[in-house]
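Novice: There's a structure below that I have some questions on.
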Amino acid sequence: MNTELLKSPISSARKSRIRNALVLAMKSTSLGMGLYLASPAAYAIYCSNCSTFYQQMFEYVEAVNTALNTAEQLQTQIQQYQNMVTQGTGLPSTMFGSIAADLKNVANIYTRSQSLGRQIQNMDSQFNTAFPGFQSYLNQAANSAEVPARERYQKWSEQNRDSVKAALEAANLNTSTFESEDTQLDHMVARSQSAVGRMQAIQAGSEIASQNVQQLQKLRDLLATQINMQGNYMAQQGDRKAASEAAEQKFEARRNNWGPSEDF
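Under the numbering used here, the first residue of the sequence shown carries the number 1, and numbering increases by one thereafter.
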């Protein structure tokens, strides 16, 4: 199982370029000053005295990767339970506590991924507010397959919720009477305490565990694309500023070489 930290699909050279551009951007914004994103306390990321927006975004890369690694481990474990049931091996009573705990962890990973998605979306919105020209930059590159679609995180979150609901319904766990996702997931865990409900809970949990892995992989890709596009935009702005300053310095140098003006 892959337990390495996420290697973002961004080269070292481009990473350095993105970092330098975002450091420049932070000199004129407040995004990097001890940023706290409102969200459930258990999953919030507080970056004390962060000096760059770039650093903050890569904190999220690591958080998503950690959640993904855990999700993959849980997917393997729940699948083992389901295989035992399918093959008629039976589940020893000594495993019941572990099954309930693993199902609870599956639910927690889902909640965590949703929270991370909201926090990253919040960061994305703050970047767009701080740099209004970024949307124009995206519009100009609209034909590029790498350009992130608007409301992409909202769509990702909705797909997550739909997947959970479908998994629970497929296992005959009625969700229509429950108001929130948390309540639905708690119901799944509670059902694992009975003989009949345990089979249903494992079926639903296995599907949700698989969806957790897929959705976190998608979130990782969305985040990598976001960092790439925003970094490229800031690098472009830095190049324009450097060119403008060079032209201004050249003009001033020429003026200094003209000498004193003559009176007529």
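Every residue, glycine too, gets a C-beta built ideally from N, C-alpha and C.
Note that the structure is a prediction, hence the values are computed from the model and not measured.
(1) What's the C-alpha gap between residue 184 and residue 201?
(2) Which whole-angstrom value is the C-beta distance of residue 67 and residue 109, which I expect to be below 8 angstroms?
(3) Whole-angstrom Cβ separation of residue 60 and residue 116, contact assumed at under 8 angstroms?
(4) Looking at the structure shown, is residue 88 part of a helix, part of a strand, or coil, going by DSSP?
(5) The alpha helix (DSSP H) spanning residue 192 covers which residue range?
(6) Do residue 212 and residue 71 count as a contact pair if the criterion is CB distance below 8 angstroms?
(7) Can you tell me whether residue 93 is buried or exposed, with buried defined as 16 or more other CB within 10 angstroms of its CB?
(8) If we ignore side chains and look at the alpha-carbon of each, how far apart do residue 58 and residue 195 end up?
(9) Just the Cα atoms here: how many angstroms apart are residue 65 and residue 87?
(10) Apart from the five residues on each side of it in sequence, which residues of its chain come closer than 6 angstroms, Cβ to Cβ, to residue 167?
(11) Give the single residue among 131, 85, 74 whose Cα lies nearest to the Cα of residue 236.
Specialist: This is what the structure gives:
(1) 11 angstroms
(2) 6 angstroms
(3) 7 angstroms
(4) coil
(5) It is not in any alpha helix (DSSP H) - residue 192 carries neither H nor E in the DSSP assignment.
(6) yes
(7) exposed
(8) 44 angstroms
(9) 33 angstroms
(10) 204, 207, 208
(11) 131
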